[in-house]
Amino acid sequence: MIQGGHPLKGTMTISGSKNAALPLMAAALLADGPITITNVPLLNDIFTFNKVISETGTQVTFAREKRELTIDPAQMSSHVAPYELVRKMRASFYMTGALLGAAGHARVSLPGGCAWGPRPVNLHLEGMKALGAEIEMDGGYVIAKAPNGRLPGGSFTMIPSSVGATVNLVLAAVRASGKSVIRNAAMEPDVVNLCDNLNTLGARISGAGTPVLTIDGVDCIKSGTMNNTPDRIETGTFMIAAAMIPGSDVTLTDTLERDLGSFTDTFSKLHAGLEIGESSIRIRSADRIPPVSVETAIYPGFPTDLQAQWATMMTQADGKSTVTDHIYPDRFSYVPELVRLGADIERRDNMVTIRGRSKLKGASVMSTDLRASVSLVMAGLVAEEETEVLRVYHLDRGYEKLEDKLNSVGAVIRRVSD
Ligand code: UD1
């Protein structure tokens, strides 16, 4: 329940990145002994992945207060990721590459559908075949095997560039017996962070952050520490929230502007106050928001994970703008919900047109996925009266203590159970 009309003023701490932590957790399975991952956020997707990893007999210990997760694969005895868990979170499919790399075989459920359209895994599977894996389907499961227990390695060109497939192929290739080359690889900071952490523990990966990754297989990954990065999507979300809510002045700490890619340039077009520090970003809302159209693209382009939030802000801009998603053309389930709040927003194919500025008024709206949910909360923060956002469990997958963080800077949000 969100009471709108309160400016955000104060400091918010950015949590560790969900999308960067998940690959590190999978990579821990490749190590000879325990891996401790720092700055792990307290999120349901992390808890789900802990369960997936535990299913293999791997020991998982989460020191929640310290945000430190220790994963020790020494006792790994099973190589299965079951449907009951994989269907809850698609990134569980990282178990395919991790188990293939660690043990030479994997039985991992196919993830199935998604609330915002088809999300195929063809590149993950074709890529693993190119690295030398034998792939079969059995009862909704992918069975991946390395002949003679270890992948030989190989070359694969990814079209389109996929974050998930790049992560999976890196996991599969790190301990291969030979060399692998991934072309048109994802350049997202999440991939770079994975490669950097693996390299400090003995991997030989070059080209991270460029479209060509070269992985020389190594015999072992040492036990040690992996460092997670700040959540760039949480950072972008709060930057947009602060810019859109009149009278706001927010400082985000424990974050890294360099991971935002071109988002900062796009954000600058809003003429909001923007001060970038070494690990902080201060945002002050401007009196007027100009219409700024965006199109999503792979990193360093505008992230698809921020388009719903941007479209929500554009309902408060003076004029017409568009938001186009080239990565996930169906990711617009928030549009009819924003209309319920009074927005003038219309979807055609992979583009929405927003005519601002609309006076939003509180209503009941339904969350459909993670980024749509946070956008509805943000809309509630500028709407008159009270907005009720239903099914907020989507939020808990990817935003740590969202209402506590927002309330600490002046928002008025209550979580009520149904
Ligand atoms: C990751 C992020 C997600 C983000 C997305 C794009 C995680 C856990 N999730 O998802 O938050 O929105 O990147 O930045 O990190 N594709 C194929 N075949 C495949 C795989 C992907 O055609 O086998 C296509 C997809 O349909 C999509 C594009 O590639 O159009 C990019 O998707 P991808 O980068 O794979 O997204 P995810 O890794 O699933």
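Here numbering that gives the first Met the number 0 is used: the first residue of the sequence shown is 0, the next is one more, and so on. C-beta atoms are modelled at their ideal positions from N, C-alpha and C, and glycine is treated no differently.
Within the same chain, I244, P245, G246, S247, D248, S284, G409 come within 8 Å of P6 by CB-CB distance, once the 5 residues on both sides are set aside. G111 and R118 have their alpha carbons spaced roughly 8 Å apart.
Under the DSSP assignment, I45 falls outside any beta strand (DSSP E), being part of the alpha helix (DSSP H) whose first and last residues are 43-53. Taking the Cβ of N227 as the reference point, every heavy atom of ligand 1 lies at 7 Å or farther away. Rounded to the nearest angstrom, the gap between the Cα atoms of A171 and I288 is 46 Å. Relative to ligand 1, T303 has its C-beta within less than 7 Å of a heavy atom.
If you check the CB distance, S222 and D368 do not come in under 8 Å. Here Q2 is bridged, per DSSP, to E385, V411. D44 counts as buried, since at least 16 other C-beta atoms from the protein chains shown sit within 10 angstroms of its C-beta. 8 Å or more divides the Cβ of R86 from the Cβ of G15. The C-beta distance from M127 to L99 rounds to 7 Å, short enough to meet the 8 Å contact threshold.
When only Cα atoms are considered, A362 and I353 end up about 19 Å apart.
Of L259, R63, E294, M94, the smallest CA-CA separation from S278 is found for L259. Excluding sequence positions up to five before and after H78, its CB lies within less than 8 Å of the CB of T55, L98, A102, H104, A105, R106, all in the same chain and listed in chain order. Linking T314 to S416 through their CA atoms gives a straight-line distance of about 29 Å. Note on R63: under 16 other CB atoms within 10 angstroms of its CB, so exposed under the neighbour-count rule. With a cutoff of 7 Å, D189 counts as near ligand 1, since its C-beta is closer than that to a heavy atom of the ligand. With 16 or more neighbouring CB atoms inside 10 Å of its own CB, R370 falls in the buried class. Contact between the region 292-310 and the region 181-189 is present, with at least three C-beta pairs closer than 8 Å. DSSP places R339 outside any beta strand (DSSP E); the residue lies instead in the alpha helix (DSSP H), whose first and last residues are 334-339. Annotation: the region 267-322 contains the following complete segments of the beta strand (DSSP E) (minimum length 3 residues), in chain order: 272-275, 279-283. Between the beta-carbon of V217 and that of G201 there is about 6 Å, and that keeps the pair under the 8 Å contact cut. In terms of Cβ geometry, A342 and S357 form a close pair [threshold 8 Å]. Counting only residues of its own chain and dropping the five nearest sequence neighbours on each side, K268 has a CB closer than 8 Å to the CB of P289, V291. Distances from the CB of G177 to the heavy atoms of ligand 1 are all 7 Å or more.
At a Cβ-Cβ threshold of 8 Å, L405 and V373 do not count as neighbours.
Looking from the CA of T236, the closest CA among P151, L122, T254, I204 belongs to T254. For R396, the uninterrupted alpha helix (DSSP H) segment begins and ends at 392-397. Counting the other Cβ atoms within 10 Å of the Cβ of D230 gives 16 or more, which makes it buried.
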